[in-house]
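See structure below.
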Amino acid sequence: MIPMCGRYNFSAEESRDIQQIIHEVQRRNIPRADEIKLGEVFPTDQAAILLAADDRLVPAVQTWGFPSPKGSGVIINARSETAHEKQMFRNSLDTRRCIVPCSGFYEWSSKKERFLFTSQNAGCIYMAGLYGIFEGEARYVILTTQANESVQDIHHRMPMIIRKKEIMNWLTDKDSARRMLHCRMPLFHKCAI
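Per the numbering used here, residue 18 is the first one in the sequence shown, and the count goes up by one each step.
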């Protein structure tokens, strides 16, 4: 079984915001910029994320997935409801929050049918993430929450979404970020793939 939010789409053709992120990564000569995965992003891929630096939004390239404490594989998601309780995520939740931009995310039904969920306004989706440094490598996970009515008939979990106007609060304000862990998620358009 593929875990919740086990893949997502990062496509410049579908989002002006993603076009701008890719342009900024290239313009800034960010390390590993040439390794950014476009299209369907899988765990352990290099992907663009957004961080706050000097009260500005800046792109970075990181690997999707924290190393598993069991020694093999990666942890790709963290439950928003319990991240503050887990040693693996607690410090990142307090000090290393990020945004994982995408044009859509995939979920699989119990019958193994694949669905793509996209924004109802055709814009970029901003998933809440946490990052950490492991043996010198920056890695991120995506926060998940209970699925809302647009996703729940396919899967009981969904990515935690940050509204565009709240991105800087998520990244820079610990108290605001904690409150956002309990916000209602937007509705999505569902398409069978």
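Here a beta-carbon is modelled for each residue, glycine too, at the ideal position from N, C-alpha and C.
What span of residues does the alpha helix (DSSP H) with residue i cover, start to end?
i           : result
residue 207 : No alpha helix (DSSP H) contains residue 207, which is instead part of the beta strand (DSSP E) from 205-209.
residue 35  : 33-44
residue 122 : First-last for residue 122: 121-125, but that is the beta strand (DSSP E), not the alpha helix (DSSP H).
residue 104 : 104-112
residue 186 : 184-189
Use the C-beta contact count for residue i: other C-beta atoms within 10 angstroms, 16 or more gives buried, fewer gives exposed.
i           : result
residue 204 : exposed
residue 108 : exposed
residue 164 : buried
residue 88  : exposed
residue 99  : exposed
residue 59  : exposed
residue 209 : exposed
residue 236 : Because the chain in this structure spans residues 18 to 210, residue 236 falls outside the shown range and cannot be described.
residue 48  : exposed
residue 86  : exposed
residue 156 : buried
residue 94  : buried
residue 114 : buried
residue 24  : buried
residue 162 : buried
residue 112 : exposed
residue 172 : buried
Restricting to Cα atoms, I'd like to know which of the options is closest to residue i.
i           : options               : result
residue 72  : 188, 201, 198 and 83  : 188
residue 52  : 30, 80 and 166        : 80
residue 193 : 201, 183 and 202      : 183
residue 160 : 168, 171, 153 and 177 : 177
residue 202 : 166, 104 and 63       : 166
residue 26  : 68, 121 and 162       : 121
residue 34  : 169, 206 and 140      : 140
residue 191 : 69, 181 and 57        : 69
residue 75  : 118, 54, 103 and 56   : 118
residue 214 : 172, 57 and 67        : Examination of residue 214 is not possible in this model, given that the chain is present from 18 through 210 alone.
Looking only at its own chain, which residues have a Cβ that is under 8 Å from the Cβ of residue i, when we skip the five neighbours before and after it?
i           : result
residue 179 : 116, 143, 144, 145, 187 and 197
residue 151 : 83 and 84
residue 137 : 203, 204, 205 and 206
residue 61  : 80, 81, 82 and 91
Going by DSSP, what residue range makes up the beta strand (DSSP E) through residue i?
i           : result
residue 135 : 131-136
residue 63  : 63-70
residue 80  : 73-81
residue 155 : 154-163
residue 47  : Element bounds for residue 47: n/a, residue is neither H nor E.
residue 5   : Missing from the structure shown is residue 5; the chain here goes from 18 to 210 and no further.
Excluding the 5 residues flanking residue i on each side, which residues of the same chain have their C-beta closer than 7 Å to its C-beta?
i           : result
residue 19  : Low confidence applies to residue 19: its pLDDT is 49, below 50, so where it sits in the model is not reliable, and the reading given next is rough at best. Around residue 19: 125.
residue 50  : 42, 43 and 78
residue 101 : 107 and 110
Item to check | Contact between the region 39-54 and the region 123-137 (3+ Cβ pairs under 8 Å) | outcome: no
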